[in-house]
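Below is one structure, written out as structure tokens; the observations come after it.
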Amino acid sequence: MNDLVGIIRTAEEIRQALQRIEELKVRAGALTVEGHRQYNPGWHLALDLPHMLRVSECIARAALEREESRGGHTRDDFPGPRDEWGALNVICTADGAGIALSRKPLPVMPDELAQIFEETA
763 MNDLVGIIRT AEEIRQALQR IEELKVRAGA LTVEGHRQYN PGWHLALDLP
813 HMLRVSECIA RAALEREESR GGHTRDDFPG PRDEWGALNV ICTADGAGIA
863 LSRKPLPVMP DELAQIFEET A
């Protein structure tokens with residue numbers, strides 16, 4: 763994730779990361795830990811690893827879907843923000859063994875909150 767899905771990324775790098783994540787998921791499926799679970803960081807890492815891989819996959823898939831640069835998400839292949847993405851979130855949902863993506867409009871900002879932003883601008 764650090765090398766291929768960092769702050770600055772490209773579609774090709776993200777695809778490479780997704781391929782690597784799939785390989786790691788296979789390896790994690792065969793993971794075993796020796797010893798007792800008490801005071802055993804390896805045991806806890808083995809329990810956390812599938813979830814960390816799932817979160818990594820969600821981040822990578824959402825970054826690949828979002829074809830723009832905005833805030834902490836910078837795509838070298840899409841250098842600027844695009845208006846249509848300013849009003850959308852990409853939602854990752856567990857879909858059986860995989861991840862499903864959907865786009866969801868951002869909620870409208872309440873008037874009282876918008877006024878605060880206008881006052882501080």
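Numbered per the numbering used here, the sequence shown spans residues 763 to 883. Cβ coordinates follow ideal geometry from the N, Cα and C atoms, glycine included.
- Going by beta carbons, S818 and I861 fall outside the 7 Å limit.
- I769 sits in coil when the DSSP states are folded into three classes, being neither helix nor strand.
- Secondary structure at R837: strand, using DSSP grouped into helix, strand and coil.
- When C-beta atoms of the segment 845-852 are compared with those of the segment 827-835, three or more pairs fall below 8 Å, so the two segments count as touching.
- The Cβ atoms of I776 and V788 do not sit closer than 7 Å to each other.
- A790 is not a Cβ neighbour of A822, given a cutoff of 7 Å.
- The shortest C-alpha to C-alpha distance from L811 to any of N802, Y801, L793 is the one to L793.
- A buried status is given to A825, since no fewer than 16 other beta-carbon atoms sit within 10 Å of its beta-carbon.
- If only complete runs of 3 or more residues are kept, the segment 824-868 shows the beta strand (DSSP E) at 850-857, 860-867, in order along the chain.
- Straight across, the Cα-Cα distance linking E785 with L863 is about 21 Å.
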